[in-house]
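Below is one structure, written out as C-alpha cells; the observations come after it.
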C-alpha cells in the first residue's frame, strides 16, 4: 500500500506511535463532537499510553497488510486534522477543522489510490443517516447510495444504529469528481508510486 500520500494541502500517511501526542490533543478537543456518531468515542479522550498502544496496533496491521488506517495531517505534520480508514473508508475530523474540505480532499485521494494503485474493484463508505455532513462527502465525490443497512452499528451509549452504504466502482472513477483531486503516493521508504493530477494523466512510476 501507499504509506504516504500528499495532496494539495494535506499529508495522508500511516500512523506512527510517535504521533500519539497529536492524537491525544485531537481527541481532547473533539471527543464531545464525535460521541454522537462514533461508538469508539464514548470513552474518549484516553490517556497517552492508551494511544501509544493503539497506534502500535495500527502500524502493525498496516505493515502486515491487514488494515490501513491513515492519519491526515497538515502540510507541516504538526497537527492531526482527521483520520481515514482505507479498506472501508470511514473518517472523523478535528472539531476545529470542519467545513474546510479536508475530508473530501483526503477521501478522494484514498479512493484514487485504491483504484489506480491497489486495483480495487469497489470502494465503500458508510455513515449514520442522521449525520448529514458525513453523508455529503460520498455524494460530493460521485458515490452511489446503495441503501441503508438497518441496526448494523452498535454502541453502549446509543444502541444499534442504521448505516447508509455508499459505493463507487472502478470504472466509475474517471467521470467522478474524485478524479480531479491531485495526489502523490509513496511507499514505506519514500519511493514514488503514483503521481496524478487528473484521471486522464499517465502516472509516473519508478522501478522497485
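Residue numbers (our numbering): 3 to 210.
We treat Cβ as the ideally placed atom computed from N, Cα and C, and that holds for glycine.
Please classify residue 105: does DSSP put it in a helix, a strand, or coil? helix
Can you tell me whether residue 21 is buried or exposed? The criterion is at least 16 other CB atoms within 10 Å of its CB, across all chains shown. buried
In this structure, what does DSSP give as the bridge partners for residue 198? 185
Within its chain, find whatever has a CB closer than 7 Å to the CB of residue 184; leave out the 5 residues flanking it on each side and keep chain order. 9, 10, 198, 199
Closest to residue 155 by C-alpha separation, out of 100, 146, 147, 165, would be which residue? 165
Going by DSSP in three states, residue 67 sits in which element: helix, strand or coil? coil
Which of helix, strand or coil does DSSP assign to residue 53? helix
Limits of the alpha helix (DSSP H) - the one that residue 27 falls within: 22-36
Reduced DSSP category for residue 192 - H, G, I as helix; E, B as strand; rest coil: coil
Residue 178 versus residue 25: straight-line alpha-carbon distance, rounded: 32 Å
Grab me the residues of residue 124's own chain with a C-beta within less than 8 Å of its C-beta, minus the 5 sequence neighbours each way, in chain order. 169, 170, 171, 172
Taking the alpha carbon of residue 43 as the point to measure from, which residue in 93, 70, 111, 23 has its own alpha carbon closest? 93
Given a cut-off of 9 Å on the beta-carbon distance, is the pair residue 72 and residue 88 in contact? yes
From the DSSP output, in three-state form, read off residue 164 for me. strand
Hey, is the stretch 137-156 in contact with the stretch 101-120, meaning 3+ C-beta pairs nearer than 8 Å? yes
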